[in-house]
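**Q**
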Ligand code: NAD
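Residue numbers (UniProt numbering): 3 to 262.
(1) Where does residue 129 land, buried or exposed, given buried means 16+ other C-beta within 10 angstroms?
(2) Grouping DSSP H, G and I as helix and E and B as strand, with all else coil, what is residue 229?
(3) Buried or exposed for residue 222, please, with buried defined as at least 16 other CB atoms from any protein chain shown within 10 angstroms of its CB.
(4) For residue 82, which residues of its own chain have a beta-carbon under 6 Å away from its beta-carbon, when the five flanking residues on both sides are left out?
(5) Rank 208, 228, 43 by C-alpha distance to the C-alpha of residue 190 and give the top, closest one.
(6) Below 7 Å, is the gap between the Cβ of residue 189 and the nearest heavy atom of the ligand NAD?
(7) In this structure, how does DSSP classify residue 75 when only helix, strand and coil are distinguished?
(8) Put residue 14 into one of helix, strand or coil per three-state DSSP.
(9) Can you check which of these residues, 72, 147, 78, 258, is closest to residue 8 by C-alpha distance?
(10) Would you kindly work out how many angstroms separate the C-alpha atoms of residue 198 and residue 99, rounded to a whole number?
(11) In chain order, which alpha helix (DSSP H) runs of at least 4 residues are fully inside the segment 27-57?
(12) Determine the direct distance from the alpha carbon of residue 19 to that of residue 13, and round the result to whole angstroms.
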């Protein structure tokens, strides 16, 4: 149980991040959600967490491109709830292009949001966790922290970087009852993925089943999507006492992708 504890989840206005926030709230944690979107949509999800789980939820608008705002987000959580006990670095974006055409500003943004933001968040959260003698830091990596795909240079570099940052932080914090792990999902069914299907059907003249199996899930042996709730359940497990000796791990949940 996470009753009395506080979780900060970056990029939790949709998809996997929102599932993490709801999972922690279901275990009794107060949550700081973060991310972009329509203010009315964010407020609806925030209020729904409070009413579904009888916890407190607040939104931090911190931009993961901006180190000072990331530090402010952690301070906001500590000020609002008294502590930040769980930090999930999850915000992420993607851009797909060959390296020689890859826009420099896209490279910089992906490295900043998908990798450096985790460094800034971990840096800000450590002093409080050390003081209280307990903490859980979880990073959303990806199958792309272990293997590459062409045309995703920045994303693959950032995700391999997250795996390295995870190991380093785990070693530094090992004697403080603070664990640091990353979760590496394969293809996860999020609104983002769902929305691509009709366009891909049209563009390639394929059925929905063909798009899912031959395009999206080509690399995933089970031919099934991971769900955001499954990823969140693993994160919740990592917060429990049974997981106190899991640290520095990169846990795959990818339908067999990286076994191939
Ligand atoms: P999503 O687009 O549904 O969610 C991304 C979240 O990040 C949103 O809340 C968005 O507002 C937020 N965000 C984006 N830029 C931000 C910024 N500058 N500052 C603050 N927040 C920002 O995507 P998702 O599929 O839920 O992805 C979440 C994480 O999971 C990412 O790190 C992604 O790389 C990773 N991941 C996703 C998949 C997948 O198939 N969907 C697979 C492996 C890993």
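C-beta atoms are modelled at their ideal positions from N, C-alpha and C, and glycine is treated no differently.
**A** Reading off the structure:
(1) So residue 129 ends up on the exposed side.
(2) In the three-state scheme derived from DSSP, where H, G and I count as helix and E and B as strand, residue 229 is classed as strand.
(3) Residue 222 should be labelled buried.
(4) For residue 82, where only same-chain residues beyond five positions count, the Cβ hits under 6 Å are 60.
(5) Cα-wise, what sits closest to residue 190 is 228.
(6) Yes, the beta carbon of residue 189 sits closer than 7 Å to at least one heavy atom of the ligand NAD.
(7) Helix.
(8) Per DSSP, reduced to three states, the secondary structure at residue 14 is coil, with no helix or strand assignment.
(9) If you compare the alpha carbons of 72, 147, 78, 258 with that of residue 8, the shortest gap goes to 78.
(10) Here the C-alpha atom of residue 198 lies approximately 17 Å from the C-alpha atom of residue 99.
(11) For the segment 27-57, whole alpha helix (DSSP H) runs of length 4 or above, ordered along the chain, are 41-55.
(12) Counting only the Cα atoms, residue 19 lies some 6 Å from residue 13.
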